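Written below as structure tokens is the structure these notes are about.
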Amino acid sequence: MFKRTSLVDGVIVNSFAESSICQIGDSNEIVAYDAVFALQRRFASFNGNEGTAEHEAISQKEMPFPTYPDEVRMAVFHEKPFIHVHRVRILGVSSSSLLHVGSTNRVFLQAKIKHIREYDILPGETNKQMAELHDMFDGIVQQEKE
Numbered sequence: 176m177f178k179r180t181s182l183v184d185g186v187i188v189n190s191f192a193e194s195s196i197c198q199i200g201d202s203n204e205i206v207a208y209d210a211v212f213a214l215q216r217r218f219a220s221f222n223g224n225e226g227t228a229e230h231e232a233i234s235q236k237e238m239p240f241p242t243y244p245d246e247v248r249m250a251v252f253h254e255k256p257f258i259h260v261h262r263v264r265i266l267g268v269s270s271s272s273l274l275h276v277g278s279t280n281r282v283f284l285q286a287k288i289k290h291i292r293e294y295d296i297l298p299g300e301t302n303k304q305m306a307e308l309h310d311m312f313d314g315i316v317q318q319e320k321e
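321 is the number that the numbering used here gives the last residue of the sequence shown; the numbers go up by one with no jumps.
Structure (structure tokens):
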């Protein structure tokens, strides 16, 4: 790991959520994992067993990791030993994300998100796009059940 000193005058972050990390300083390894299942409906009507199979399916599926080539030999010269930043402003860090000031050897971040939107068409509603969207979601849900 090539060492340089990071100088940050100020960090402003509005929010951290869902397996997000704020690391100030050097680290050897950073690991974050997140599996999210979200079901959104036009009207809040749930029977209590939504998402169990879907959540298990996305959380248990193995993520492929890249294979690394043989070690690369290189010579690096840093003209200045410092990285200086005046201010960092971030709205939000979410879903297995990382805000890191410093050096690290290895970073493993993983986010598996499945977001389903189910919108029923109301009686008398004639929006053709809504009907086509509804049919498309029915087809996707049916395929996932098979």
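By construction, the Cβ of each residue, glycine as well, lies at the ideal position given by its N, Cα and C atoms.
Treat the numbers as computed from the prediction; the structure is a model and nothing was measured.
Less than 6 Å between C-beta atoms, sequence neighbours within five positions excluded: which residues of the same chain meet that for residue i?
i      : result
LEU266 : ASN189
ILE187 : ARG264
ARG216 : GLU293
ILE288 : VAL211
Taking 8 Å as the threshold (C-beta atoms), are residue j and residue i in contact?
i      : j      : result
THR180 : PRO244 : no
VAL268 : SER195 : yes
SER270 : GLU193 : yes
I'd like to confirm the pairing. Which residues does DSSP put opposite residue i in its beta bridges?
i      : result
HIS290 : ALA213
PHE191 : VAL268
VAL282 : ILE205
HIS275 : GLN198
THR180 : PHE257
Give me the Cβ distance between residue i and residue j, rounded to the nearest whole Å; I'm assuming they're in contact under 8 Å.
i      : j      : result
VAL282 : LEU274 : With 8 Å as the limit, VAL282 and LEU274 do not qualify as a contact, their Cβ atoms being about 12 Å apart.
For residue i, I'd like the list of residues in its chain whose CB is within less than 7 Å of its CB, leaving aside the five on either flank, ordered along the chain.
i      : result
PHE358 : The structure shown has nothing for residue 358, since the chain only spans 176 to 321.
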